[in-house]
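A short write-up of the structure that comes next.
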């Protein structure tokens, strides 16, 4: 192989190593934050939209975790019945609401932690993917419990015109929570990968800080020994000249 080809190969290898190093540190952290932000948006939309439970007929009422829609036209519920239905929600719906709130809080803290901690307290970056995992678990528990308890059973809701609303199913708000869960799982994996790379980058600096005091001690001892020999040569070696 010609020297020019060897030089080109070494240059390409060096560039490839630097590129992979850059992607595996900054790139993974950016992807981790991006996935968490997307999951947070989906979680909040899922939390505040009124479509965890929807009815099959058009313009039928739908119910979410913190909001609801009483329907329209011939399928609209009497406001009093709609409010009473909302106020007598099942215990599992309140539990799902609690888990969704926990997930949203964990996602917000994860984003703040991932943005601030790398510079403020680099050694504590490992908590970011753990917080992401907590958010993912909370989302998973929320939609699994809702799917298991809600079911596709028939629940009749009489409208103002006497039409019965029946055969409800999970709505788009539920599926947004599922998608948010998928993004948080991906964010968790990226977070642990970013943590490993972050620790690899941090380790040389920590090793240098540990070695620095030893180097100072060695240098001080060397200076003391050198000064002692110099003093001895100057004073004691010249003593015979005095006699």
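Numbering (my numbering), first residue to last: 57 to 299.
Here a beta-carbon is modelled for each residue, glycine too, at the ideal position from N, C-alpha and C.
Note that the coordinates shown come from a computational prediction; the quantities given were computed from them, not determined experimentally.
**Prompt:** In its own chain, which residues sit with a C-beta less than 7 Å from the C-beta of residue 282, not counting the 5 before and 5 after it?
**Reply:** Within the same chain, no residue comes within 7 Å of residue 282 by CB-CB distance, once the 5 residues on both sides are set aside.
**Message:** Buried or exposed for residue 250, going by 16 or more other Cβ atoms inside 10 Å?
**Reply:** So residue 250 counts as buried.
**Request:** Go ahead and label residue 163 buried or exposed: buried means 16 or more other beta carbons lie within 10 angstroms of its beta carbon, across all protein chains shown.
**Result:** Of the other Cβ atoms in all chains shown, 16 or more fall within 10 Å of the Cβ of residue 163; this residue is therefore buried.
**Prompt:** How far does the beta strand (DSSP E) with residue 110 in it reach, from first residue to last?
**Reply:** Note, residue 110: beta strand (DSSP E), 109-111.
**CB contact flag (residue 99, residue 192, <8 Å)** = Their beta carbons are not under 8 Å apart, which means residue 99 does not touch residue 192 by this criterion.
**Prompt:** Which of the three DSSP states, helix, strand or coil, is assigned to residue 119?
**Reply:** DSSP places residue 119 in strand when its eight states are reduced to three.
**Prompt:** Which class does residue 181 belong to by DSSP, given the choice of helix, strand or coil?
**Reply:** Here residue 181 sits in coil by DSSP.
**Asked** Taking Cβ positions, are residue 170 and residue 85 nearer each other than 8 Å?
**Response** Yes, the Cβ-Cβ distance between residue 170 and residue 85 is below 8 Å.
**Asked** Can you tell me whether DSSP reads residue 282 as helix, strand or coil?
**Response** The answer is helix: DSSP assigns residue 282 an H, G or I state.
**Distance, residue 122 Cα to residue 103 Cα** = If you draw a straight line from the Cα of residue 103 to the Cα of residue 122, it is about 7 Å long.
**Request:** Just mark residue 144 as buried or exposed, buried being the case when its beta carbon has 16 or more other beta carbons within 10 Å.
**Result:** When all chains shown are included, residue 144 counts as exposed.
**Request:** Could you check which residue in 148, 156 and 184 has the C-alpha nearest to that of residue 92?
**Result:** That would be 184, whose Cα lies nearest to the Cα of residue 92.
**Request:** In angstroms with no decimal places, state the Cα-to-Cα distance between residue 235 and residue 95.
**Result:** One C-alpha to the other measures close to 8 Å.
**Request:** Return the residue from the list 89, 247 and 110 that minimises the CA-CA distance to residue 182.
**Result:** For residue 182, the nearest C-alpha among the options comes from 247.
**Request:** Check the Cβ-Cβ distances between residue 152 and every residue of chain C, and say whether any is below 8 Å.
**Result:** This model lacks chain C altogether; it includes just one protein chain.
**Prompt:** Can you name the start and end residues of the alpha helix (DSSP H) that residue 99 belongs to?
**Reply:** Segment 84-104, the alpha helix (DSSP H) holding residue 99.
**Item:** Alpha carbon of residue 199 to alpha carbon of residue 230, nearest angstrom
**Value:** If I take the Cα positions, the gap works out to 7 Å.
**Asked** Does the Cβ-Cβ distance between residue 195 and residue 151 come in under 8 Å?
**Response** Cβ distance not < 8 Å, so residue 195 and residue 151 don't count as in contact.
**Prompt:** Based on the DSSP output, what are the partners of residue 224 in its beta bridges?
**Reply:** DSSP lists 111 as partners of residue 224.
**Prompt:** Based on Cα-Cα distance, which residue from 175, 188 and 83 lies nearest to residue 238?
**Reply:** Residue 188 is the option with its Cα nearest to residue 238.
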